[in-house]
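**Q**
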Amino acid sequence: MNLRIEEIGDVSCVAPVGRLDFDAAPGFQEALERVFSGAGKTPAAVIIDGTGLEYVSSAGLRAFLLAARSAQRAGISFALCALQPAVREVFELSGFSRIIPVHADRASALAQAQQGRA
Amino acid sequence: MDHPSVSPRARTAGSGLTVPLPVRRLTELLRAKTRGFAQLLIESRGPYARAFENLIVALIIFSVASIGVESIPGLPEWAMRTLRVAEIVTVAIFTFEYLLRVVAARNKLGFVFSYQGMVDLLAIAPFYLVGFDARWLRALRLLRLLRVLKLQTHFLETVVEERTRELAEKNAALEKAQAQLKAELEVARSLQLAILPAAFPARSGCEAAARMIPATTMGGDFYDYIELPDGEIGLVIADVSGHGVPAAFFMAVARTNLREQAVHHNDPGECLAQTNDALCAQNPLELFVTVFYCVLDPKSGVLRYANGGHNPPYIRRAAGIVETLRGAGGLVLGAMPGSRYPTHTVQLLAGDRLVLFTDGVTEAFNPAEELYGAQRLADEVHVHGGGTPAALVERICQSVTNFAGTAPQSDDITLTVLTWGAP
Chain A
1 MNLRIEEIGD VSCVAPVGRL DFDAAPGFQE ALERVFSGAG KTPAAVIIDG
51 TGLEYVSSAG LRAFLLAARS AQRAGISFAL CALQPAVREV FELSGFSRII
101 PVHADRASAL AQAQQGRA
Chain B
119 MDHPSVSPRA RTAGSGLTVP LPVRRLTELL RAKTRGFAQL LIESRGPYAR
169 AFENLIVALI IFSVASIGVE SIPGLPEWAM RTLRVAEIVT VAIFTFEYLL
219 RVVAARNKLG FVFSYQGMVD LLAIAPFYLV GFDARWLRAL RLLRLLRVLK
269 LQTHFLETVV EERTRELAEK NAALEKAQAQ LKAELEVARS LQLAILPAAF
319 PARSGCEAAA RMIPATTMGG DFYDYIELPD GEIGLVIADV SGHGVPAAFF
369 MAVARTNLRE QAVHHNDPGE CLAQTNDALC AQNPLELFVT VFYCVLDPKS
419 GVLRYANGGH NPPYIRRAAG IVETLRGAGG LVLGAMPGSR YPTHTVQLLA
469 GDRLVLFTDG VTEAFNPAEE LYGAQRLADE VHVHGGGTPA ALVERICQSV
519 TNFAGTAPQS DDITLTVLTW GAP
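These protein sequence lines map, in sequence, to chains A and B. The first sequence runs 1 to 118 under our numbering. The second sequence runs 119 to 541 under our numbering.
(1) List the residues of chain B that I99(A) touches, going by C-beta distances under 8 Å, in chain order.
(2) Going along the chain, which residues of the stretch 11 to 27 of chain A sit with their C-beta nearer than 9 Å to a C-beta in chain B?
(3) Could you say which of Y341(B), T393(B), L403(B) lies nearest to G362(B) if we only look at CA atoms?
(4) Would you say L466(B) and L414(B) are within 9 Å of each other, going by their C-beta atoms?
(5) Taking any Cβ of chain A, which residues in the stretch 493 to 506 of chain B have a Cβ under 8 Å from it, in chain order?
(6) On a CA-only basis, which of G448(B), L451(B), A436(B), Y432(B) is nearest T442(B)? Give me that one, please.
(7) Would S123(B) pass as an interface residue toward chain A - the criterion being a Cβ-Cβ separation below 9 Å?
(8) Grouping DSSP H, G and I as helix and E and B as strand, with all else coil, what is S528(B)?
(9) On a Cα-Cα basis, can you pick out the residue from F521(B), V278(B), L239(B) that is closest to V479(B)?
(10) Apart from the five residues on each side of it in sequence, which residues of its chain come closer than 8 Å, Cβ to Cβ, to A365(B)?
(11) Does any residue of chain B bring its CB to less than 9 Å from the CB of I8(A)?
(12) Helix or strand or just coil, what does DSSP make of V450(B)?
(13) Quick one: give me the first and last residue of the alpha helix (DSSP H) that D477(B) is part of.
(14) Is it buried or exposed, K268(B), if we count other Cβ atoms within 10 angstroms and call 16 or more buried?
(15) Answer yes or no: do F65(B) and A327(B) have a C-beta to C-beta separation smaller than 9 Å?
(16) Please report how far the alpha carbon of L227(B) lies from the alpha carbon of L217(B), in whole angstroms.
(17) Would D10(A) and A45(A) qualify as a contact pair, given that the criterion is a beta-carbon distance under 9 Å?
(18) Is the CB-CB distance between S517(B) and A333(B) below 9 Å?
(19) Tell me whether the beta-carbon of V473(B) lies closer than 9 Å to the beta-carbon of L533(B).
(20) What does N429(B) touch in chain A if you count any residue whose Cβ is under 9 Å from its own?
(21) Under a CB-based cut-off of 9 Å, is V440(B) close to chain A?
(22) Hey, how far is the Cα of S77(A) from the Cα of A113(A)?
(23) Does the CB of F96(A) have a neighbour CB from chain B at under 9 Å?
(24) Look at the alpha carbon of E280(B) and the alpha carbon of E161(B), and state the distance between them as a whole number of angstroms.
(25) I want to know whether the stretch 20 to 40 of chain A touches the stretch 93 to 103 of chain A - three or more CB-CB distances under 8 Å.
(26) L405(B) versus chain A: which residues are under 8 Å apart at the beta carbon?
(27) For D470(B) and L390(B), what's the separation of their Cα atoms in angstroms?
(28) Along chain B, which residues have their Cβ under 7 Å away from the Cβ of A59(A)?
(29) Please classify Q465(B): does DSSP put it in a helix, a strand, or coil?
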């Protein structure tokens, strides 16, 4: 799987593309940890844009859980947006959508991130 | 090794050319002796071989140094004489070594034309050639400096030998460790499979079948049947995040905890909440497990269930209609302490089938990277669910395997089918 990382002000948008399965999960997790620690400056918020995320296995869910915990420890707000229907269902079924905020699209996720700081 | 190629020649010599017996005896004796020395000083690689090797290296250094000393003008006659004698002895030993190496080599011609063979020959050849024509003396003497190359081949050989031996030792150790690891994994796998219940508790009117196909040697999925104190039966299907040894350990911990809580907490939601708290308290690897847990009253057919982030099971009604056991669930177990799990109730009717499964079934990929999907599973249950639970389990496993084709199995595949009431 590939990651596109974009900086919008002090918000980092991470867009994973492909399947987040057992093999891809460790790399994804490491990449997120690098985003959290930031190149010099820590982002205020990290948003995962799920437009290109086709599949999330249980190992992939675990990567999200660990990321959410790291973000919480570092005081970074962490949210998901624009999930494909199948992936959204996985987050709802597993109960993860209750502990990680899920937004309909990137704009509302960004608005929420900005509001959180105001 | 040597004899098959030697003896025919000896026979021809004996029959054709009449070589006198004492000469033949002598050559045979010499041959045997040389072979013995070759074995002792070259092939054996034992203490004698090492000592011989050191002697050769020392001689090379000495002889190269003496070439330098020889060129000093006005050297006294006694010194020149000593050096000449030393040169004769050195060449004699080098010649002996060269012969031994030829004898020891499997491919004799190959050795003669090899780099080392040529260098060894060059180290002694000038001495013998000088005897024929003295005018070449000076030039050929300089050729003796090529003995430095001999030094290089010796060290190179030693280093290569040492590295080869080290590598072989390391490889052997690695292979041993790997074999041990594999054997231990096999034991762990059989232990894990032994945890899964062998048979459904005998109850009139109830029948169940189950199957677990791990993706790697150690799976993270499990199912369980629990006999509860008041005659009810607990049914569990669960999927630990990831697979391999960590998932298998967590599975064993989760299963034990759930069994313990099930006996104490009659309410499925409460049972999951207690299990979740227990798992959160002993979860160093931060794994989690999705669990669907239900309690069946075999007398009434009432099924109470709670869902901790698991795929909702199917109920196939006697008429063939497939329903999904929805109803709000809770978070996966082991992720966050204090999570709540609402309990729901459904009435089973005679002949209904309950189909529990993990996402290894619905999320099996085919070579075109398409998902098996919930719809295919529901269709199988709808069309083929009328027979015994074992037949349906077999049918679904077959269908998933056929669908996946050559694509590798990425997740454990686990299925449990239960029928209640007369079919």
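The beta-carbon is built from N, C-alpha and C at its ideal position, and this holds for glycine as well.
**A** Inspection of the coordinates gives the following:
(1) Chain order gives the chain B residues near I99(A) as L449, A453, M454, where near means a beta carbon separation below 8 Å.
(2) Listed in sequence order: R19, D21, F22, D23, A25.
(3) Closest by alpha carbon: L403(B).
(4) Yes, the Cβ-Cβ distance between L466(B) and L414(B) is below 9 Å.
(5) Flagged: no residues at all.
(6) Nearest option by C-alpha distance: Y432(B).
(7) Unreliable positioning characterises S123(B) in this predicted model, as indicated by a pLDDT of 45, which lies under 50. The coordinate reading is nonetheless provided below. Put simply, the CB of S123(B) is far from chain A, with every gap to its CB atoms at 9 Å or more.
(8) It is coil, neither helix nor strand.
(9) Ranking the options by Cα distance to V479(B), first place goes to F521(B).
(10) If we look at A365(B) and ignore the five residues flanking it on each side, its Cβ neighbours are M336, G337, G338, V358, S359, L405.
(11) Output row for I8(A): interface = no.
(12) Residue state, collapsed to three classes: coil.
(13) Residues 477 to 480.
(14) Within a 10 Å sphere around the beta-carbon of K268(B) sit 16 or more other beta-carbons, which makes this residue buried.
(15) Summary: the structure shown does not reach residue 65(B), with chain B confined to residues 119 through 541, and so no result is reported for it.
(16) Here the C-alpha atom of L227(B) lies approximately 12 Å from the C-alpha atom of L217(B).
(17) Yes; because the gap between Cβ atoms is below 9 Å, this pair is in contact.
(18) Taking the C-beta atoms as reference points, A333(B) is found no nearer than 9 Å to S517(B).
(19) In contact: V473(B) and L533(B) (Cβ atoms closer than 9 Å).
(20) Under a criterion of Cβ atoms nearer than 9 Å, the residues of chain A adjacent to N429(B) are, in order, L93.
(21) No, because no Cβ of chain A sits closer than 9 Å to the Cβ of V440(B).
(22) Whole-angstrom Cα-Cα distance: 7 Å.
(23) Residue-level contact by beta carbon holds for F96(A) and chain B, with a gap shorter than 9 Å.
(24) Between the alpha carbons of E280(B) and E161(B) lies a gap of roughly 15 Å.
(25) The answer is no - the stretch 93 to 103 of chain A does not touch the stretch 20 to 40 of chain A, with fewer than three Cβ pairs under 8 Å.
(26) Residues of chain A passing the Cβ test: R62.
(27) Between D470(B) and L390(B), the alpha-carbon positions lie close to 25 Å from each other.
(28) Chain B residues near A59(A): S359, G360.
(29) Here Q465(B) sits in strand by DSSP.
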